[in-house]
Amino acid sequence: MNNSLQKSNLVIPGLGQQYKGLFDIGAAVSQTTIETQKELLAAHFNSITAENDMKFERIHPLKDVYTFEAADRLVDFAAKHGMRMRGHTLVWHNQTPDWVFEESDGVPAIRETLLARMKEHIDIVAGRYKGLIYCWDVVNEVIEDKSDVWLRESNWLNGIGEDFIAKAFQFAHEADPNALLFYNDYNECNPEKRDKIIRLIQMLQQQEVPIHGIGLQGHWNLNGPSIAEIREAIEKYAALGLQLQVTELDISMFDFEDRRTDLLQPTAEMLEKQAERYEQVFGLFREYHEVITAITFWGAGDDYTWLDDFPVRGRKNWPFVFDEKHQPKPAFWKIANWNNR
Ligand code: HXH
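Sequential numbering from -14 applies to the sequence shown in the numbering used here.
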C-alpha cells in the first residue's frame, strides 16, 4: 500500500505513476511544503518547481550576494525523491530587486549595465544547476493584458528594449546548453493574449533564438477558460513546433471578479463542479499528450495555495485535487486511474 491509494476495492498507484508515458505530474513547493506535504509530494508527484525560492529577489537579493541555500534544499529534495526539477524563473518584472535597474547613484541603469547583470545572473543561476534542472522558465509574463499593447511595460523593457527577451534565452542557452528553455505566461488561453504570445514566439523563432517550449500557467477557475478555448490555445501553440507544459495549474473556486469572503469551506456543488473541470481538462491534456510534456500544479494540497492571498488577501481557496488533510477530493478520482476505466 506504499505510494498507493485505495477506494473501495480499487488500489491505484500515485498520479505521477499513472501518467507515466504521457507527461510528468509536478507541484510547486516551498521550504515549508517540502516538510508539511512531504508524503503527499512523494506519493503523487514526479516533478517540482520552486514557487518562490529561485526568483531573482530570493536568489540574488544584492549585487554581490547570491543566496542559494533554499533553492539547493529543493534541488536536494527532488534528487532524493527521484523527481525532475523545473527552474522558475530567470527574467521577470516582479520579485526582482530595484538594485538591478539602478546605477550605484540611483539613476536608471543603462542598457549595457542591464544586459551585463542579466547575463551574470543567468550564468550563475542556470550554471549552478546544470544537469539538475532540466528546463527553465527563462522569461515570465512579458505580454501585456490590455489588448492594444503587445509587450508589458517593465524595467527590463524600458532599460534594454524589446531584445531583452531574445537576450535572456541566448544567455540561458550559453549557461546550460542542455536545458530546455520555456516562455511562460498567464491568461494564455485568452484569444487576444494568446495571439500576442504566438507573435512573440514567432519573432524569436525567426531570429533563431534558442527556445524549446511554451509554459501555459493554467491559473483557471470553475467557469473559465472554456474547454474549447483551452483546446484552441493548445492547437495554436503546438503549431509553432514547440513542446507545451502546463506550468502552474490550479482551478480556483472563485471567478476572478468574485470577491466574496463568507465561505469557510467549499460547497458540495463547488467540489463537484471542480471535479468535472479537472476531468475535462485532464481529458484534453491526455488527447494532446504528444505535445504536452508536463502538468505542474501551483501547489499540491489545499492546506497551502497562493490563492489564499490572491486576489483577496486572507480568503481561503481550494484549487487542488487533494484537500487540506492531503486526502483525495472528488476531482482526484476524476483524473486518477484514467487508463483503467
Ligand atoms: C504567477 N503569476 C507567477 O508566475 C508565479 O511565479 C507566482 O508564484 C504566482 C503566479 C500569475 C499572476 C499574474 C499577474 C498577476 C497576478 C498573478 O497580476 C494581476 C494583478 C491584478 C489583476 C490581474 C493580475
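Backbone N, C-alpha and C fix where the C-beta goes; we use that ideal spot for every residue, glycine too.
Run through DSSP, which three-state label would residue i get?
i, result
"alanine 35", "strand"
"asparagine 206", "strand"
"lysine 314", "coil"
"asparagine -12", "Summary for asparagine -12: the model assigns pLDDT 49, below 50, so the residue's position carries little reliability, and this model does not support an answer."
"glutamate 87", "strand"
"phenylalanine 167", "strand"
"phenylalanine 305", "coil"
Going by DSSP, what residue range makes up the beta strand (DSSP E) through residue i?
i, result
"methionine 70", "69 to 76"
"phenylalanine 282", "277 to 282"
Would you mind sorting residue i into buried or exposed? The rule is 16 or more other CB atoms within 10 Å of its CB.
i, result
"glutamine 250", "exposed"
"lysine 258", "buried"
"histidine 45", "buried"
"lysine 319", "buried"
"leucine 0", "buried"
"alanine 253", "exposed"
"histidine 274", "exposed"
"aspartate 308", "buried"
"glycine 226", "exposed"
"glycine 91", "exposed"
I need the straight-line Cα distance from residue i to residue j, nearest angstrom please.
i, j, result
"asparagine -13", "isoleucine 183", "Note that asparagine -13 scores a pLDDT of 42, beneath 50, so its modelled location is shaky and nothing firm can be said."
"tryptophan 84", "threonine 98", "11 Å"
"valine 334", "methionine 255", "Residue 334 is absent from the model: the chain starts at -14 and stops at 326."
"isoleucine 212", "cysteine 174", "10 Å"
"tyrosine 119", "histidine 197", "12 Å"
"leucine 234", "isoleucine 280", "7 Å"
"arginine 262", "phenylalanine 282", "14 Å"
"phenylalanine 267", "asparagine 143", "39 Å"
"proline -2", "lysine 23", "17 Å"
"threonine 74", "glutamate 159", "16 Å"
Does the beta carbon of residue i fall short of 7 Å from some heavy atom of the ligand SAM?
i, result
"glutamine 202", "This structure lacks the ligand SAM; the ligands present are the ligand HXH."
In terms of residue numbering, what span does the alpha helix (DSSP H) encompassing residue i cover?
i, result
"phenylalanine 62", "54 to 65"
"arginine 179", "176 to 191"
Task: Segments assigned alpha helix (DSSP H), at least 4 residues, entirely inside the stretch 107 to 150 - done: 140 to 145
- [ ] Would you mind listing the beta strand (DSSP E) stretches within the stretch 195 to 273 that are 3+ residues and don't spill past its ends, in chain order?
- [x] Entirely contained in the stretch 195 to 273, the beta strand (DSSP E) runs reaching 3 residues are, in chain order, 198 to 201, 204 to 206, 228 to 237.
Task: Whole alpha helix (DSSP H) elements within the stretch -1 to 49, 4-residue minimum - done: 0 to 3, 18 to 21, 23 to 29, 41 to 44
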